[in-house]
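Worksheet for the structure shown next.
There are 2 protein chains.
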Amino acid sequence: MPGEGVGVGLVGLGTIGVGVAKVLERNAGVIRERLGFPLRLVRVADLDLERDRGIDLSGVRFDRDTEGLLDDPDVQIVVELIGGYDAARRVTLGAIERGKHVVTANKALLALHGGEIFEAAARAGVDVAFEASVGGGIPILRSLREGLSANQIETIHGIMNGTTNYVLTEMERTGEPFEVVLKRAQELGYAEADPSFDVDGIDAAHKLTLLVAMAFGAELTFKDIPTEGIRALEPLDFEAAERLGLVCKLLGIAKAHDDGRIEVRVHPTLIPATSLLAHVEGAMNAIAVHGNAVGPTLFYGAGAGELPTASAVVADLMEIARELQRGTAGPVPPLAYVPQSLRPKPLVPLGELVGRAYLRFTALDRPGVLSHIAGALGDCGVGIESVLQQGRGGAVESVPVVILTHPAPESAIRGALAEIDSLADVTAPTLFVRIEDEL
Amino acid sequence: MPGEGVGVGLVGLGTIGVGVAKVLERNAGVIRERLGFPLRLVRVADLDLERDRGIDLSGVRFDRDTEGLLDDPDVQIVVELIGGYDAARRVTLGAIERGKHVVTANKALLALHGGEIFEAAARAGVDVAFEASVGGGIPILRSLREGLSANQIETIHGIMNGTTNYVLTEMERTGEPFEVVLKRAQELGYAEADPSFDVDGIDAAHKLTLLVAMAFGAELTFKDIPTEGIRALEPLDFEAAERLGLVCKLLGIAKAHDDGRIEVRVHPTLIPATSLLAHVEGAMNAIAVHGNAVGPTLFYGAGAGELPTASAVVADLMEIARELQRGTAGPVPPLAYVPQSLRPKPLVPLGELVGRAYLRFTALDRPGVLSHIAGALGDCGVGIESVLQQGRGGAVESVPVVILTHPAPESAIRGALAEIDSLADVTAPTLFVRIEDEL
Numbered sequence: 001m002p003g004e005g006v007g008v009g010l011v012g013l014g015t016i017g018v019g020v021a022k023v024l025e026r027n028a029g030v031i032r033e034r035l036g037f038p039l040r041l042v043r044v045a046d047l048d049l050e051r052d053r054g055i056d057l058s059g060v061r062f063d064r065d066t067e068g069l070l071d072d073p074d075v076q077i078v079v080e081l082i083g084g085y086d087a088a089r090r091v092t093l094g095a096i097e098r099g100k101h102v103v104t105a106n107k108a109l110l111a112l113h114g115g116e117i118f119e120a121a122a123r124a125g126v127d128v129a130f131e132a133s134v135g136g137g138i139p140i141l142r143s144l145r146e147g148l149s150a151n152q153i154e155t156i157h158g159i160m161n162g163t164t165n166y167v168l169t170e171m172e173r174t175g176e177p178f179e180v181v182l183k184r185a186q187e188l189g190y191a192e193a194d195p196s197f198d199v200d201g202i203d204a205a206h207k208l209t210l211l212v213a214m215a216f217g218a219e220l221t222f223k224d225i226p227t228e229g230i231r232a233l234e235p236l237d238f239e240a241a242e243r244l245g246l247v248c249k250l251l252g253i254a255k256a257h258d259d260g261r262i263e264v265r266v267h268p269t270l271i272p273a274t275s276l277l278a279h280v281e282g283a284m285n286a287i288a289v290h291g292n293a294v295g296p297t298l299f300y301g302a303g304a305g306e307l308p309t310a311s312a313v314v315a316d317l318m319e320i321a322r323e324l325q326r327g328t329a330g331p332v333p334p335l336a337y338v339p340q341s342l343r344p345k346p347l348v349p350l351g352e353l354v355g356r357a358y359l360r361f362t363a364l365d366r367p368g369v370l371s372h373i374a375g376a377l378g379d380c381g382v383g384i385e386s387v388l389q390q391g392r393g394g395a396v397e398s399v400p401v402v403i404l405t406h407p408a409p410e411s412a413i414r415g416a417l418a419e420i421d422s423l424a425d426v427t428a429p430t431l432f433v434r435i436e437d438e439l
Numbered sequence: 440m441p442g443e444g445v446g447v448g449l450v451g452l453g454t455i456g457v458g459v460a461k462v463l464e465r466n467a468g469v470i471r472e473r474l475g476f477p478l479r480l481v482r483v484a485d486l487d488l489e490r491d492r493g494i495d496l497s498g499v500r501f502d503r504d505t506e507g508l509l510d511d512p513d514v515q516i517v518v519e520l521i522g523g524y525d526a527a528r529r530v531t532l533g534a535i536e537r538g539k540h541v542v543t544a545n546k547a548l549l550a551l552h553g554g555e556i557f558e559a560a561a562r563a564g565v566d567v568a569f570e571a572s573v574g575g576g577i578p579i580l581r582s583l584r585e586g587l588s589a590n591q592i593e594t595i596h597g598i599m600n601g602t603t604n605y606v607l608t609e610m611e612r613t614g615e616p617f618e619v620v621l622k623r624a625q626e627l628g629y630a631e632a633d634p635s636f637d638v639d640g641i642d643a644a645h646k647l648t649l650l651v652a653m654a655f656g657a658e659l660t661f662k663d664i665p666t667e668g669i670r671a672l673e674p675l676d677f678e679a680a681e682r683l684g685l686v687c688k689l690l691g692i693a694k695a696h697d698d699g700r701i702e703v704r705v706h707p708t709l710i711p712a713t714s715l716l717a718h719v720e721g722a723m724n725a726i727a728v729h730g731n732a733v734g735p736t737l738f739y740g741a742g743a744g745e746l747p748t749a750s751a752v753v754a755d756l757m758e759i760a761r762e763l764q765r766g767t768a769g770p771v772p773p774l775a776y777v778p779q780s781l782r783p784k785p786l787v788p789l790g791e792l793v794g795r796a797y798l799r800f801t802a803l804d805r806p807g808v809l810s811h812i813a814g815a816l817g818d819c820g821v822g823i824e825s826v827l828q829q830g831r832g833g834a835v836e837s838v839p840v841v842i843l844t845h846p847a848p849e850s851a852i853r854g855a856l857a858e859i860d861s862l863a864d865v866t867a868p869t870l871f872v873r874i875e876d877e878l
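Chains S and D supply the protein sequences, listed in that same order.
What the first sequence shows, in the numbering used here, is residues 1 to 439, in sequence order.
What the second sequence shows, in the numbering used here, is residues 440 to 878, in sequence order.
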């Protein structure tokens, strides 16, 4: 059934796949007005043929036959939306081998197997587009690849996981503990039954891997990114942060150092309550990018969800469709740099980072404890900016003590904490949250 | 002197022109790593050959000969940065006639002569790129053209003029009157000696013209955009706004109505203090775009200045250079829609808009005045949400009275104001500021 326009084949009809079908149908008019020709969903493959997804697929061939879809001459662009690693990798490489362009939202796949996939695509002369894989509907990858292409990117600070941002916003708003808020997030569909991918920071690290490659021309470095999640935060940390004029966000952070090394990390971060990022609430995402020419920028929008993610997938389809009408692949390399410019960049070890720290100690309320803690910090050269004692316990009851440090190297802080956490009066490991003051 | 890479000719070596030369020089390394070839500034034309601009133009031909630059075979892309209308139009059309691609930051030119220029470019098969003309370094045009291309754009709310945002932020912060703050802005270089282009909203209306065309596929409509500036705002309006949980911004607003008409306007606007746009301070810009798939998005950055604007100009140069290396013009139409899709869109008259209003009356403090005002509003069907009396005067002294209305059609409010402003006890025209609650 070759027809006018460009034919799209969709592998995986889950939430985002359904969103793509909806956007292609509802916005067919405006898509055609922009392109000058239609974008046609011609074929869909999914293992589940029965479930009612509330969309009309009449005129679209829908079966389980992924190989058939890849071989179908009417399918010019393959959309991979099955998620995960193995099957997604097989579909993506299979499409590329057949000379078909690929659009994907799969950050996990690209963060781990991106090198192999982008190489295969370059050899085959096809595009692999993945705007939906970072920041959902926010056109952050295009902005790094093209809008900010004249800049040396200096820093990236991103709220890139809607689940954790929802949980953190709710913990701040309600004062409830992590488990209670997480349970509500699961009931509302903001968090998965197994939330570890989100709350342990892995999803954000996948996304940061892609941003770092595009921002700095660095080879993909997922396995090297220090990653911490949000499970250790307690209601009193939000109270203390508020008193200190700070807000807690799970940030993906990347910075270029003058010596050619890069700093990359994902962890809960305290940022000034006056910063724009601090006002990004609920399941929304935002990525702040600082370039040496443009200065500070910020890109905000829905980081997940059926239609926002589909917005990015279909934008990629439109970009490739325009190129197909000209008989070429796109001129912009998928990682923003020509492949020969991509190179491994040495990472800055966490110990070298310098910044203020939020430390929450759990100690028996005995005379001399605070002096021990302060002494250990002082011995390691860590200055104290302020001390908040959150409550009174007793000799047998532990109380939290919050200390804000002056800027110090992380290695010094870690050294002090090793000593402090071995004190008899300190009854639980100290919570250490980094503060980013430059936002 | 044909060399490797793509040759750029720059017409106009003012602030932004100098910024472009700086970015091309300082970031030559990263530009080459991204493109795979260099972008070379080969020629500059400006009337002033003497002024020391603090840049090294050795190796660049620099003279007053604009025609020679346009004819130079080494110049493949012409950057028009002279501003204004006539000379800029001549250079732009001259470059296009010679088959050269053009990059410009000139929103005034495009808002008024865009139709002619884009038509000429389409005939000649060349690109006209203008990312720098809206939002300075923010890649908002690319985001509308490509990143959000799968969406029916529903609304745009933009802070698109840094001068006015600086003045409004300072008036709010200091409580000083407009003239005092404007003078300081002029001393700091945030405002021109003749500030009317900025403070009367004309610059924002130029930019909104371009956004509206790209968002809705509408023909350019600058002369039809209702435009109000910020001169009428007084310190007490900022006090009152704060008490009401509102913040005043000069917004460019555009909305698509279901009946195919569009709503377009530039005016001071009160928005919820909790909205992200309310936190955009000083000379920064931000554009909030709502699409039917992506939902709410926001793009933030420096809206003006040497290097931020140059960031956008050089990004356009890089995009065109990539195409030149392939021997084609870019596939994306300059106004995001294929030319045959662009059509005039009827505008919604202001009278039909419905929203809450902030009304500041100036009246003699006599018994019965408030009841007259309230009566006139009531007769026109305008409900009162709250009344703030800002001070006490006397029978011979005028006092301000602030009234917040319930949502009402603007025609009803205008009708009531006509009656109220003709009352003997009302001593000055009433200030009417629209409230946007949906942000």
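Each residue gets a CB set at the ideal place from its N, CA and C atoms; glycine is no exception.
In this text, all values refer to a predicted model and were calculated from it rather than measured experimentally.
DSSP places G282(S) outside both helix and strand once states are collapsed to three, so it counts as coil. Residue G597(D) holds the alpha-carbon nearest to the alpha-carbon of G574(D) among R765(D), L789(D) and G597(D). From the listed residues G451(D), G453(D) and I470(D), the smallest Cα separation to G444(D) is found for I470(D). Restricting attention to alpha helix (DSSP H) runs no shorter than 4 residues, the region 165–208 of chain S encloses them at 178–187 and 196–199, ordered along the chain. Taking T748(D) as the centre and dropping the five residues before and after it, the same chain places the C-beta of I455, G458, A544, A571, G575 and G576 closer than 7 angstroms to its C-beta, in chain order. Contact residues of the region 583–607 of chain D toward chain S are R584, E585, G586, L587, S588, A589, N590, Q591 and I592 (C-beta to C-beta distance below 9 angstroms).
Nearest to H706(D) by C-alpha distance, out of P674(D), R765(D), L607(D) and L803(D), is L607(D). With contacts defined by Cβ atoms closer than 8 angstroms, A768(D) and D566(D) form a contacting pair. Annotation: the continuous alpha helix (DSSP H) that includes F238(S) extends over P235 to R243. Assignment of I455(D) by DSSP, reduced to helix, strand and coil, places it in the helix class.
Residue contact with chain D for N285(S): absent (no Cβ-Cβ distance below 8 angstroms to any residue of chain D). Within the same chain, Cβ atoms closer than 7 angstroms to the Cβ of A550(D) are found at H645, T648, L649, L659 and F661, the five residues on either side in sequence being excluded. Chain-ordered, the chain D residues with CB closer than 9 angstroms to the CB of V314(S) read S588, A589, N590 and A732. Checking the DSSP bridge columns, you'll see L690(D) partnered with H706(D). If you check the CB distance, I874(D) and L709(D) come in under 8 angstroms. For T274(S), the three-state secondary structure derived from DSSP is coil. Residue ranges of uninterrupted beta strand (DSSP E) with 3 or more members, entirely inside the region 724–795 of chain D and ordered along the chain, are 734–741. In the displayed model, E555(D) falls within a helix according to three-state DSSP. Chain-ordered listing is empty here: chain S has no CB closer than 8 angstroms to the CB of L690(D), the nearest sitting near 17 angstroms. The Cβ atoms of S341(S) and G217(S) lie closer than 8 angstroms to each other. Taken in chain order, the whole beta strand (DSSP E) runs of length 3 or more contained in the region 453–528 of chain D are 478–484, 500–502 and 516–519. In the DSSP assignment, H372(S) falls within the unbroken alpha helix (DSSP H) covering V369 to D379.
For the options P226(S), A120(S), M284(S) and E176(S), the alpha carbon positioned closest to that of Y190(S) is the one of M284(S).
In this model, L878(D) and G327(S) are separated by some 43 angstroms (Cα to Cα).
At a cut-off of 8 angstroms between C-beta atoms, T15(S) does not count as an interface residue with respect to chain D. Against chain S, the beta carbon of F738(D) has neighbours under 7 angstroms at F299, listed in chain order. By the 16-neighbour rule on beta-carbons within 10 angstroms, L47(S) is exposed. Nearest C-alpha to R473(D) among P333(S), G378(S), R53(S) and I202(S): P333(S). With respect to chain D, the C-beta atom of S371(S) has no partner C-beta closer than 8 angstroms. By the CB criterion at 8 angstroms, G201(S) and G229(S) fall inside the cutoff.
In terms of Cα proximity to L350(S), the closest of I262(S), V338(S) and F62(S) is I262(S). With a 10 Å radius around the Cβ and a threshold of 16 neighbouring Cβ atoms, L580(D) comes out buried. For E593(D), the enclosing beta strand (DSSP E) begins and ends at I592 to I598. At least 8 angstroms separates the beta-carbon of E97(S) from that of A121(S). Interface annotation, N545(D): not in contact with chain S, CB-CB separation never under 8 angstroms.
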